[in-house]
Every structure is written in structure tokens, then in C-alpha cells.
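Some notes on the structure that comes next.
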Amino acid sequence: MGDPGLPVLGSSLPAVADGLKLARRGYERFGAVSWANVFTMKAAFVVGPDALETVLTNRDKAFSSHDGWEMLIGPFFEGGVMLMDFDEHLHHRRIMQQAFRHERLVSYLDLLNPAVSQGLDSWRAGSAFPVFPALKQLTLDIATRVFMGAELDAEADQVNTDFINLVRGGQTAIRAEVPGGRWHRGMQSRRRMEDFFLRQIPTKRASDEDDLFSVLCRAESEDGVRFSDREVVNHMIFTMMAAHDTSTITAAMMCFFLAKHPEWQQRVREESLALGKPEISFDDLEALTSMDLVFREVLRMNPPVAIAARKALEDTEICGHHVPAGTPIHVGIYASHRLEAFWHDPDVFDPERFTPDRAEDKAHKYSWAPFGGGAHKCIGMHFGGMEVKAILHQLLLRYELQIAPGYEPFMDTATGPFPADGLPIDLLPR
Ligand code: HEM
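Each number in the numbering used here corresponds to the 1-based position in the sequence shown with 68 added.
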């Protein structure tokens, strides 16, 4: 069941104008699975926790992550772990997992905290400070230090510029190598980044540094297999992409909701003040319970990865709906987070819904899935939480956040909804 929409355009316009509305309407009319024509592609939209579980756990191996994502981020992120399936994916994921173990996260936080502090030194108190681009720069600087183990110099600036071109290339509508176009620039940037990382591999392999690049060079599976040079480079480029917009959008939208709900801002700040230190350590995360409630609620309301992409490899079934082989599948994380059947007042900011008393997220294992699930579940989930909370901790100790009465950010969509107006927030020094 589905809706063909307008001739030629299909449902592309409603998808751009309000993708959430389109997906929720599809769910109300047709149930967990419905098809629509979006950007000349007939795709199945999958909404609701049961359907998410079926596709993401992929028990019958009926869905390919590679084929789903390839159509969207194509050659820009080839060799990334999300663009692999089954045995190959498992092999790479096992090695990569070494770089995300508890003791590694503790070391990353030691590199991350000074980068946050230095980045925030360049923020200025005043009205309508554009928080979103400032956080984008901050998370890039963090990636330079923590992922690449590099200093903030001219070469790092060039890598950051290349990285931005690469991400833009992957998101461009004109998907062809037209000289001067975004795709072309993105591919040129990818090649420059590959050269940059390849040149450093011998040094990184020999080092015992704690940055992600060095750790990936040394990481090995239980049977002693390491990544090749080319594999390390592919994983570095993909991981930087997977970490960047996701963490930035989460931190930015936390700033917005905390500015909009001063009582929550006060509550979160009080816990930070109670720690009595300018920078958090890994063990402090547990004490920041209100921060965690807000983090979860923001990821529910505004998941930075709105859909997970898959393609059906064979004729299959999702919650009783037939899905033919070859169908592109959009796993609707965002829409599932806003279903009245599973959430009380789903469009209302209410972090208390995650407290043990209410535990709305526990009604179904896949009600709350901002990090996906199954074999491809976000490997950087704990890193992302730690990074965002380390930033918010320092920020709230420095500034009171306020917004103009009635202000709502203008939201656009890339991998998920993001504040396209730069998110102007008043920063009042404390
Ligand atoms: C709040 C921040 C983040 C959110 C909401 C998020 C969300 C997601 C989601 C939904 C997926 C699964 C996509 C799919 O199944 O198709 C994913 C995968 C992934 N994420 Fe994250 N992510 C975040 C931060 C990070 C960070 C900080 C890193 C790295 C340091 C990272 C690295 C990855 C990688 C490597 C994958 C692919 C895993 C695989 O295919 O096995 N993410 N992320």
C-alpha cells in the first residue's frame, strides 16, 4: 500500500516541506510499511518499533546496508563500515570495536576536554550568537585533536575544509562529476584527505598515542588481524563523517531546548556546578542525570539520523507487508519517535518521560532508536554522548542561554533535521 503522489514529482515536495508529516500520515493510512515516490525513487517507508526491529536486526539477512546507503552517500564514503554487509561488516566491526572500548573513551576524553575549553574561549557573550556554526567549528577542532591527533594548524584547516566539501558532495542533488560542481569538489577533497592520512600512516603505526587514528592503526581482531593502510584511511574518513553532524546537531538542539526551558537549564547546570570542576571525567557522566534526560529527549525529538537506509535483497515481509526484492527502504527513526501510540504528547519536550517511573522508552526495545540497532548500531554512541555532555557541561558553567520570546529555529533536513538559521542564542556570561 502507498501513495503515488503527483505525476513525475511523486511526494518529493511534501518530503522536503515536512518529511515528518508525510511519514506520520503514511503510518496512519497504511500502517508500518507504505511506499511513496520521492526524488524519482519508489521507496518503502518503515515506521514504528516492530518494523524498525525487523529491518535493523535483519535476522533473515534480507536487507543490505551497503546497497541502501550507497545510493545516498555513494563513492564519498566507500569502505566505511556502514557500507558493508554481513561477514565483511562483522570482521571490520570487530577490529574497529577496539577503538571504542571503555579505556579508550577515557583517554579520548582527556584529549577532548582541552579542545572544548580552547574552542569555547573564542565564543563571545552577547545577543543572537550563532550557536550552530560555532558548534560545527568546535566539533571539527575536537575531531582534529581526538580523531587525527593533530594540532590546529594550516594543514588541519585544509583537512577540515576538505572534510566539509566531502560531506557536501555526498549530500548534493546533482550526483555527477561536473567540473566545478559539489560532487566534483567533494571527490577532489576525498583524494586529498586520502593522501593526507596515507602519508601519516607509518608514523601513526609506530606511535603509542591515544588519538583514534593511532588506535585504529594498532587495533587488531582477536585472531591478530589488523586493518591495511587503505582500510585505516577509509575508516578514518567515514568515522569523521559519522561523528560530525550527529554530535553537532545534538549539542545545538540541546542548547535550544535548554534556552527554551530555563527550568531544565537550571536543573542541568546545578548538577554541573555540584561536580565542582570545569571539565568532566568519564566517571562524572553518571552524576549528570538531568543532562542525560535532556540528551535522550533531544535525540527523540530531533534525531540527527532521521532515517537509516537499506535495500531489500530478496522478496521479503515487514510486519505482514510484502516488500519486493530491490526496494529501497527508509527506516523512519524520526517518525517512530513521534508516534502517539508510543509516546505521550510526542511533540512536547518532556525529558521526564525517560525517568525510571515513566520509562516511555522501555515500552519496546525499538521505541527509542536514535543510534539505530542490530549489527550496524552506532559504534560511537558512547563517544557521542560523552562529547556532547562534555561540551554542554563547560558551556553551561560559562553562560546562561536565552532565546527571544517565541523563537523557533528554522529547521531544514540533511541526514536529519538541523537548525538552518544558525540557531541564534543570547549568551549571558555567568
Ligand atoms: C549523537 C550522536 C550520534 C548519533 C545520533 C548517531 C547515529 C547513528 C545511527 C542511527 C547509526 C546507524 C545507521 C544505520 O543503521 O544505517 C550510526 C552508525 C554509526 N555511527 Fe553514529 N551517531 C552518533 C555519533 C557517532 C560518533 C561520535 C561516532 C564516532 C566517533 C559515530 C560512528 C558511527 C559509525 C562508525 C557507524 C556505523 C556503524 C556500523 O555500520 O557498524 N557515530 N550512528
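Just so you know, even glycine gets a beta-carbon here, dropped at the ideal spot from N, CA and C.
Computed from a predicted structure; not experimentally measured.
Cβ neighbour criterion (16 or more within 10 Å) applied to residue i
i: threonine 122; result: buried
i: isoleucine 348; result: buried
i: alanine 412; result: The amino acid occupying residue 412 in the given sequence is histidine; alanine does not appear at that position. Exposed, because fewer than 16 other Cβ atoms sit within 10 Å of the Cβ of histidine 412.
i: isoleucine 459; result: buried
i: glutamate 96; result: exposed
i: glutamate 455; result: buried
i: leucine 74; result: exposed
i: serine 132; result: buried
i: threonine 229; result: exposed
i: threonine 212; result: buried
i: valine 76; result: exposed
i: phenylalanine 439; result: buried
Helix, strand or coil at residue i [DSSP, three-state]
i: phenylalanine 478; result: coil
i: valine 101; result: strand
i: alanine 196; result: strand
i: glutamate 288; result: strand
i: arginine 294; result: strand
i: glycine 78; result: strand
i: serine 435; result: coil
i: glutamate 277; result: coil
i: phenylalanine 215; result: coil
i: glycine 237; result: helix
i: phenylalanine 231; result: helix
i: aspartate 413; result: coil
i: lysine 89; result: helix
i: isoleucine 242; result: coil
i: leucine 124; result: helix
i: alanine 427; result: coil
i: proline 473; result: coil
i: aspartate 313; result: helix
i: leucine 220; result: coil
i: glycine 452; result: helix
Which residues DSSP lists as bridging residue i, in chain order
i: isoleucine 397; result: Ala112, Arg378
i: serine 132; result: Lys379
i: isoleucine 305; result: Answer is none; isoleucine 305 lacks a bridge partner.
i: valine 106; result: Met109
i: glutamate 468; result: Leu496
i: proline 487; result: Met479
i: valine 391; result: Thr384
i: arginine 406; result: For arginine 406, which the question treats as bridged, DSSP gives no partner whatsoever.
i: aspartate 71; result: Ala104
Beta-carbon contacts of residue i that lie in its chain and below 6 Å, excluding the five residues immediately before and after
i: asparagine 370; result: Met321, Pro485
i: phenylalanine 107; result: Ser80
i: alanine 287; result: Ile163, Gln166, Ala167
i: valine 300; result: Leu284, Cys285
i: alanine 437; result: Leu120, Ile401
i: asparagine 126; result: Gly442
i: phenylalanine 264; result: Val227
i: serine 257; result: Asp230, Asn233, Leu234
Same chain, Cβ closer than 8 Å to residue i, five either side skipped, listed in chain order
i: alanine 355; result: Glu339, Ala342, Leu343
i: aspartate 418; result: Glu365, His412
i: leucine 502; result: In the structure as shown, the chain begins at 69 and stops at 498. Residue 502 is therefore absent and cannot be evaluated.
i: histidine 329; result: Phe417
i: phenylalanine 215; result: Asp279, Leu280, Phe281, Met304, Thr307, Met308, Ala311
i: phenylalanine 410; result: Gly116, Pro117, Ser404, Glu428, Ala431, His432, Ser435
i: phenylalanine 197; result: Trp191, Pro492, Ile493, Asp494, Leu495
i: glycine 142; result: Gly238, Arg243
i: leucine 151; result: Ser133, His134, Trp137, Glu138, Ile141, Phe145, Phe306
i: glycine 249; result: Thr240, Ile242
i: methionine 255; result: Pro143, Phe144, Gly237, Glu245
Residues near residue i in its chain [Cβ-Cβ closer than 7 Å; skip 5 each side]
i: valine 399; result: Val114, Leu120, Val123, Leu124, Ile375, Ala376, Arg378
i: alanine 83; result: Leu90, Val106
i: arginine 426; result: Glu420
i: glutamate 385; result: Val391
i: aspartate 297; result: Leu266, Ile269
i: aspartate 209; result: Ala183, Gly187, Leu220
Residue i CB to nearest heavy atom of the ligand SAH below 7 Å
i: proline 330; result: By its list of ligands, the structure shown excludes the ligand SAH, since it contains just the ligand HEM.
Ignoring anything shorter than 4 residues, give me the alpha helix (DSSP H) runs that lie fully in the region 323-374, in order along the chain. Segments of the alpha helix (DSSP H) lying fully in the region 323-374: 330-343, 357-369.
3-residue-minimum beta strand (DSSP E) runs that sit fully inside the region 145-198, ordered along the chain: The region 145-198 contains these whole beta strand (DSSP E) runs: 194-198.
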